[in-house]
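Written out below as structure tokens is the structure these notes cover.
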Amino acid sequence: MPRDVDFLMRAPSHEKATVAAGFINDHQYGVATTQKLNGEHTVSVTIHMAIQQHVVLSVSGFMECVASLFGLDYDGWGCTAQKHQP
């Protein structure tokens with residue numbers, strides 16, 4: 664069942680977070696937003712997708728590459744558990 668999956672990246676500065684989020688949004692890889700949480704800049708990328716292992720691993724690996732490209736730290740992914748509705 665497809666659902667919204669969030670991928671989190673931690674940035675050393677507001678500028679790096681904004682540039683990375685702009686890149687993600689410009690290429691429509693997901694919906695990226697920036698936040699400052701507890702003094703730390705983050706980029707959250709939301710993608711509506713299936714959570715089958717091979718799909719999540721591929722997208723997670725891609726997000727790791729994007730984070731590395733912009734000097735961010737990739738912190739992983741998460742989603743809300745859902746029950747299939749017939």
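This note's numbering puts the first residue of the sequence shown at 664, with every later residue one more than the last. Think of the CB as a built atom: it goes at the ideal place given N, C-alpha and C, for glycine as much as any other residue. Note that the structure is a prediction, hence the values are computed from the model and not measured.
Rounded to whole angstroms, what's the CA-CA distance from residue i to residue j? Just pull it up for me.
{"i": "E678", "j": "G734", "result": "11 Å"}
{"i": "K746", "j": "V668", "result": "15 Å"}
{"i": "P665", "j": "Q748", "result": "12 Å"}
{"i": "Y692", "j": "Q698", "result": "18 Å"}
{"i": "D717", "j": "E703", "result": "According to the sequence shown, residue 717 is His rather than Asp. Near 31 Å, if we compare the C-alpha coordinates of E703 and H717."}
{"i": "L732", "j": "S721", "result": "17 Å"}
What residue from the options has the CA that sits closest to residue i's CA?
{"i": "T681", "options": "V706, V722 and E727", "result": "V706"}
{"i": "I710", "options": "H717, W740 and Q698", "result": "W740"}
{"i": "P675", "options": "D736, T743 and C728", "result": "D736"}
{"i": "E727", "options": "C742, H690 and V708", "result": "V708"}
{"i": "N701", "options": "V719, R673, Q691 and G693", "result": "R673"}
Tell me, to the nearest whole angstrom, how far the beta carbon of residue i is from that of residue j; I am working on the premise that it is less than 8 Å.
{"i": "F686", "j": "S723", "result": "Their Cβ separation, rounded to whole angstroms, is 17 Å, which puts F686 and S723 out of contact at 8 Å."}
{"i": "A695", "j": "A713", "result": "The Cβ separation is near 20 Å, so there is no contact."}
Determine which residues share a DSSP beta bridge with residue i and list them.
{"i": "E703", "result": "L700"}
Take the Cβ of residue i as the centre, count every other Cβ of all protein chains shown within 10 Å, and call the residue buried at 16 or more, exposed below.
{"i": "A730", "result": "buried"}
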